[in-house]
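Asks: Can you keep this structure in mind? I'll have questions shortly.
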Amino acid sequence: MWTDIDYMDAYKDFTLDPINFPVEKMKEFVSSLHKNGQKYVLMLDPGISVNETYGTYIRGMQADIFIKREGVPYLGAVWPGPVYFPDFLHPSSESYWGGEIKRFHDVLPFDGLWLDMNELSNFITSPPLPSTLDNPPYKINNAGVHRPINNRTIPATSYHFGNISDYNAHNLYGLLEVRATNKALVNVTGKRPFILSRSTFELIYAVSLRTQRRALQPMDSARGVLSLCKRPLCKGYYSSRALSLGFCCCICQEGAWASLSLASILVYLDGVMVTPVLKSGADTVDAYFPSGNWFDLFNYSDSVSTASGMNVMLNAPPDHPHVHVREGNTLAMQGEAMTTEAARKTPFELLVVVDGNGNSSGQVFLDDGEDVQMGGEGNKWSLVWFYCEKTGNDVIVRSEVVNGEFALMEKWVIDKVTILGLRKGTRMMRLRGQESYNDVEAKSGQRTVKTVGKTIDGGEFMIAEVSGLSLLLGKEFKLEVILSES
-16 MWTDIDYMDA YKDFTLDPIN FPVEKMKEFV SSLHKNGQKY VLMLDPGISV
34 NETYGTYIRG MQADIFIKRE GVPYLGAVWP GPVYFPDFLH PSSESYWGGE
84 IKRFHDVLPF DGLWLDMNEL SNFITSPPLP STLDNPPYKI NNAGVHRPIN
134 NRTIPATSYH FGNISDYNAH NLYGLLEVRA TNKALVNVTG KRPFILSRST
184 FELIYAVSLR TQRRALQPMD SARGVLSLCK RPLCKGYYSS RALSLGFCCC
234 ICQEGAWASL SLASILVYLD GVMVTPVLKS GADTVDAYFP SGNWFDLFNY
284 SDSVSTASGM NVMLNAPPDH PHVHVREGNT LAMQGEAMTT EAARKTPFEL
334 LVVVDGNGNS SGQVFLDDGE DVQMGGEGNK WSLVWFYCEK TGNDVIVRSE
384 VVNGEFALME KWVIDKVTIL GLRKGTRMMR LRGQESYNDV EAKSGQRTVK
434 TVGKTIDGGE FMIAEVSGLS LLLGKEFKLE VILSES
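Here's what the structure looks like:
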């Protein structure tokens, strides 16, 4: 559950509206979420209200923590009205910001933070000073009309600690705020932090998740925004398939704010590619596919095979996200549930997408999702590698396990193995295998082979499914599928 800035008292950070979001009722609400295995995420804006009765402002002034222009804190304007902006290059910024987060967390035990407006957004455009920083010799294509560099943001002639101009540090602001927030949440919760940031920069994934930064091209209408936000991409759909994708998500927030100027490939990592629909009302999308065989993750019968990179026009119904898996990759997926806590208890399915030689590989890292250090000392995590090789008429799927004790303690099992990308004419004759201690069995009637998709040379792909398994994820196994060709 997330809450926008409406929860604040007069849009001031680290406060609660006493009428609509009273403290005691909010505590009860968050407690009920936690009992249900859910998390609570609040939005924060960087602008600190200039208000002599506001503790966050008072402490900021005492620490001399705000960005300056002409020697005094730069006065901008956002939701609470007149504001100063924290300088996250200041040596005391992490202490200041972390202290405010701790004070608020002591009042309301939220689980994560959504950092908005941090590119920095400003409701006013300050007049330029006689400086080439405020009026550079070139013009950026701001909003497609070459607006001034200071348009609705802090001026380039604002200065951070160390006499660093905002002209040189502007794009770092979101990353620096995320870094300070990350440290604060670790100190306050003792857990791996959950942070969404509207503004991004290189290395942002090392310290947070992120939302897609707003672009500068105008959207057709508010209806256009809503039509895009109804698509599964904008709902965090992929998390229900337990895929660890570092994807961008667009958040439908304040009406017709902007279109998403993204590349045609949104994500391409570890053999998984997401193709977004970027135009409102579109029923097709022009998708670029690198060379190879690609299979639709939600409909294995839909495949794309290319000898070299090419564009392919795909149908784009609003309820079908385009996520494709490339040959040679193995994915470990869990089932759907209402919460991640419940989804973690579902069995795993292995999707083994073989290449032309019958090979595939992949891995899954598993821990409690809360330890700050991933893969640290101790046995509170497991790493499982999966390999598939085809030798003659045998397809062998096997695993190698590091720190398997954690996966065994969580009682995770693989109940289904799907081998995708076999050539037509393949038949499954026998199934045999073994774990470290237990035989692998699949009940009669739970092995199927069917035709899906087309190969580059005009042939057809086959899919072999083996269900009814009970492979302990924490134990190394070897599954041998004996095939014959008709």
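What the sequence shown shows, in the numbering used here, is residues -16 to 469, in sequence order. Beta carbons: idealized from backbone N, C-alpha and C, even for Gly.
So, for Y79: in the same chain, excluding its five sequence neighbours on each side, which residues have a beta-carbon less than 6 Å away from its beta-carbon?
Replies: So the qualifying residues of the chain are A46 and I48.
Asks: List, from N- to C-terminal side, the alpha helix (DSSP H) runs of 4 residues or more that fit wholly inside the region 363 to 409.
Replies: Counting whole runs of 4 or more residues, the region 363 to 409 contains the alpha helix (DSSP H) stretches 387 to 392.
Asks: Only counting the same chain, and skipping five residues up and downstream in sequence, which positions put a Cβ closer than 7 Å to that of F4?
Replies: The residues are Y(-10).
Asks: Excluding five sequence neighbours on each side, which residues of the same chain lie with their C-beta closer than 7 Å to the C-beta of N362?
Replies: Excluding sequence neighbours, N362 sits near N386, E388 and F389.
Asks: Which residues in the same chain have their Cβ closer than 8 Å to the Cβ of G43, if we skip the five residues on either side of it in sequence?
Replies: For G43, where only same-chain residues beyond five positions count, the Cβ hits under 8 Å are I31, F49, Y67, P69 and Y79.
Asks: Using DSSP's beta-bridge definition, name the partner residues of E332.
Replies: Per DSSP, M316 and K399.
Asks: Among Y40, Q346, Q21 and W364, which one has its Cα closest to the Cα of D354?
Replies: The shortest C-alpha separation from D354 is found at W364.
Asks: What separation, rounded to the nearest whole angstrom, lies between the Cα atoms of T322 and K328?
Replies: Cα to Cα, T322 sits roughly 10 Å from K328.
Asks: In whole angstroms, give me the CA-to-CA distance for M445 and F(-3).
Replies: Cα to Cα, the separation comes out at about 57 Å.
Asks: For L72, which residues in the same chain have their Cβ closer than 7 Å to its Cβ, ignoring the five residues on either side in sequence?
Replies: If we look at L72 and ignore the five residues flanking it on each side, its Cβ neighbours are H143, F144, G145, I147, A152 and L159.
Asks: Quick check on the burial criterion: 16 or more other C-beta atoms within 10 angstroms. Buried or exposed for G428?
Replies: Interpretation of G428 is limited by its pLDDT of 35, a score under 50 that renders its predicted location unreliable; the figure taken from the coordinates is listed afterwards. Counting Cβ neighbours within 10 Å, G428 comes out exposed, since fewer than 16 surround it.
Asks: Taking the alpha-carbon of H307 as reference, which of D28, I84 and P273 has the nearest alpha-carbon?
Replies: Among D28, I84 and P273, the Cα nearest to that of H307 belongs to P273.
Asks: Given a cut-off of 9 Å on the beta-carbon distance, is the pair D266 and P300 in contact?
Replies: Against a cut-off of 9 Å, the Cβ pair of P300 and D266 comes out as a contact.
Asks: Nearest by alpha-carbon distance to S450: which of W(-15), N118 and L334 is it?
Replies: Among W(-15), N118 and L334, the Cα nearest to that of S450 belongs to L334.
Asks: State the DSSP-derived secondary structure class of V355, mapped to helix, strand or coil.
Replies: Reduced to three states, the DSSP call for V355 is coil.
Asks: Taking C-beta to C-beta, are Y57 and K(-5) nearer than 9 Å?
Replies: Contact: no.
Asks: Residue ranges of each alpha helix (DSSP H) run of no fewer than 4 residues wholly in the region 87 to 163, ordered along the chain?
Replies: Listed in chain order, they are 149 to 152.
Asks: Look at the Cβ atom of Q346, then the Cβ atom of E332, and state whether they are nearer than 9 Å.
Replies: No. Outside cutoff.
Asks: Would you identify the three-state DSSP class for Q346, choosing helix, strand or coil?
Replies: Q346 falls in the strand class under three-state DSSP.
Asks: Is the number of C-beta pairs between the region 89 to 97 and the region 172 to 187 that are closer than 8 Å three or more?
Replies: At 8 Å Cβ cutoff, the stretches touch.
Asks: Taking just the CA atoms, how far does N298 sit from D377?
Replies: If you take the alpha carbons of D377 and N298, they lie about 36 Å apart.
Asks: What does a CB cutoff of less than 6 Å around T(-14) pick up in its chain, not counting 5 residues either side in sequence?
Replies: For T(-14), where only same-chain residues beyond five positions count, the Cβ hits under 6 Å are L25.
Asks: What is the DSSP secondary structure of D62, reduced to helix, strand or coil?
Replies: The amino acid at residue 62 is misidentified as Asp; the sequence shows Trp. Coil, per DSSP.
Asks: When we look at the beta-carbon of F106 and count the other beta-carbons within 10 Å, is it buried (16 or more) or exposed?
Replies: F106 is exposed by the Cβ-count criterion.
Asks: Measuring only the C-alpha atoms, how far is Y283 from G311?
Replies: Cα to Cα, the separation comes out at about 15 Å.
Asks: Less than 7 Å between C-beta atoms, sequence neighbours within five positions excluded: which residues of the same chain meet that for K122?
Replies: Excluding residues within five positions, the ones whose Cβ falls inside 7 Å are H129.
Asks: State buried or exposed for L245, treating a residue as buried only when at least 16 other CB atoms are found within 10 Å of its CB.
Replies: Its pLDDT being 37, under 50, L245 is placed unreliably by the model, and the measurement read from it follows with that caveat. L245 should be labelled exposed.
Asks: Since I believe V337 is in contact with K373 (beta carbons under 8 Å), could you give me their beta-carbon distance rounded to a whole number of angstroms?
Replies: Right, their Cβ atoms sit about 7 Å apart.
Asks: My guess is that V171 and H305 are in contact by the Cβ rule of under 8 Å, so how many angstroms apart are they, rounded?
Replies: 39 Å between Cβ atoms; not a contact.
Asks: Per DSSP, which one or two residues make a beta bridge with T36?
Replies: Paired residue(s): none; T36 is not in a bridge.
Asks: Going by beta carbon distance, what residues of the same chain come within less than 6 Å of R381, once the five residues before and after it are set aside?
Replies: If we look at R381 and ignore the five residues flanking it on each side, its Cβ neighbours are Y370 and K461.
Asks: Considering only residues of the same chain and omitting the five flanking positions on each side of D(-8), which have a CB-CB separation below 8 Å?
Replies: Taken in chain order, the residues that qualify are T(-2), L(-1), D0 and P1.
Asks: Tell me the rounded alpha-carbon separation between R415 and I397.
Replies: Bear in mind that the predicted position of R415 carries a pLDDT of just 49, short of 50, making it too unreliable to give a figure here.
Asks: Pick out whichever of G404, K18 and D351 has its Cα sitting closest to the Cα of V287.
Replies: Of G404, K18 and D351, the residue nearest in Cα terms is G404.
Asks: Once DSSP output is grouped into helix, strand and coil, what is the label at L(-1)?
Replies: Correct three-state label for L(-1): coil.
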